[in-house]
Each structure stands twice: as C-alpha cells, then as structure tokens.
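Participant:
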Amino acid sequence: MNCPCCSGNLYENCCKPFHSVEQHAPTAEALMRSRFSAFAIPNGEYLMETTLPAKRKFHNKKDLQEWGEINEWTKLEILKSTLNQVEFKAYYNDENGKPQIHHEHSLFENVNGRWYYVSGKFID
Ligand SMILES: [Zn+2]
1 MNCPCCSGNL YENCCKPFHS VEQHAPTAEA LMRSRFSAFA IPNGEYLMET
51 TLPAKRKFHN KKDLQEWGEI NEWTKLEILK STLNQVEFKA YYNDENGKPQ
101 IHHEHSLFEN VNGRWYYVSG KFID
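Be aware that the sequence shown starts at 1, since it is given in UniProt numbering, and climbs by one per residue.
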C-alpha cells in the first residue's frame, strides 16, 4: 500500500520501519510524517513513544488511538520544515464525514540521536 504520509512511496519503504521500531526517524520531518501515518493506521503506541518522555503526561494512548480511528486521514501537506520544527496541514474527514484541516506548527527535540515530538501550536 502507498504510505499514508503521502510521500509517494510504499508504506514498507517509508513509515513502516519506524512504526515497527526497526529504525528511528532520521529527521524531525520524517518523524512528523510517521506520526501522521500512525494516526491513519492507527498506532497509538507509536504516537505515545515518539512524544518526548517529559510531555507524555499530557497525552493518553487510548485517546490518540481513538482520534486516529474515528477520523479518516486523507492527506498530509508539509508547509515548512527546519531542523526541529515542522509546519503542516493534516486533512481528514471527521466522524460525520465532514472534511477538516488540522494546521499545526510542531516542535521536535533530539535526545540521544532520537527525535521526539515536544508540542504543537494550532493555527486557525
Ligand atoms: Zn510515510
């Protein structure tokens, strides 16, 4: 199958190695893409594990899993990415089938060679 992150690559050659923890995402953008895919799959555990340990208390694996499940994730658009910041739009259809866009500016941090999601600022 094509990778849900819209890279144009097969899932096996794109986000799957990160989801199965064979590899770690090499850049903040790669981590962000793999987190979008993890909502589409969904894989709440991966979303939790790629959150900075100090920030995990603000999230809940079950909620992440459910948020992935109830929505249909249709498209990811990366607007801007730097070493540790990514601005993106995630397109999805909500539980009523209504198209929605989640526009976020996310911050990432590298700890011992691994990238983690720190926090996001939602943009209207
Ligand atoms: Zn991917």
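Positions of the beta carbon are idealized from the N, C-alpha and C atoms, including for glycine.
No experiment lies behind these values; they were computed from the predicted model shown.
Could you name each continuous beta strand (DSSP E) segment of 3 residues or more that falls completely within the segment 84-109, going from the start of the chain to the end?
Facilitator: Within the segment 84-109, the complete beta strand (DSSP E) runs of at least 3 residues are 85-93.
Participant: When the Cβ atoms of the segment 76-84 are set against those of the segment 23-43, are three or more pairs found closer than 8 Å?
Facilitator: Touching, per the Cβ criterion.
Participant: Can you tell me whether Leu10 is buried or exposed, with buried defined as 16 or more other CB within 10 angstroms of its CB?
Facilitator: Exposed: under 16 other Cβ atoms inside 10 Å.
Participant: Should the segment 87-101 be called in touch with the segment 57-68, which here means at least 3 C-beta pairs below 8 Å?
Facilitator: No, because fewer than three Cβ pairs between the segment 87-101 and the segment 57-68 fall closer than 8 Å, the two stretches do not touch.
Participant: Put Leu79 into one of helix, strand or coil per three-state DSSP.
Facilitator: Leu79: strand per DSSP, three-state reduction.
Participant: Examine ligand 1 and report whether any of its heavy atoms sits within less than 7 Å of the Cβ of Arg35.
Facilitator: It does not: the Cβ of Arg35 is nowhere closer than 7 Å to a heavy atom of ligand 1.
Participant: With hydrogens ignored, establish whether the beta-carbon of Ser7 is closer than 7 Å to any heavy atom of ligand 1.
Facilitator: Within the cutoff, so yes.
Participant: Between which two residues does the alpha helix (DSSP H) holding Arg35 run?
Facilitator: Its alpha helix (DSSP H) spans residues Ala28 to Ala40.
Participant: Do you know whose CA, among Pro42, Ser34, Leu52 and Cys3, lies nearest Glu72's CA?
Facilitator: The shortest C-alpha separation from Glu72 is found at Pro42.
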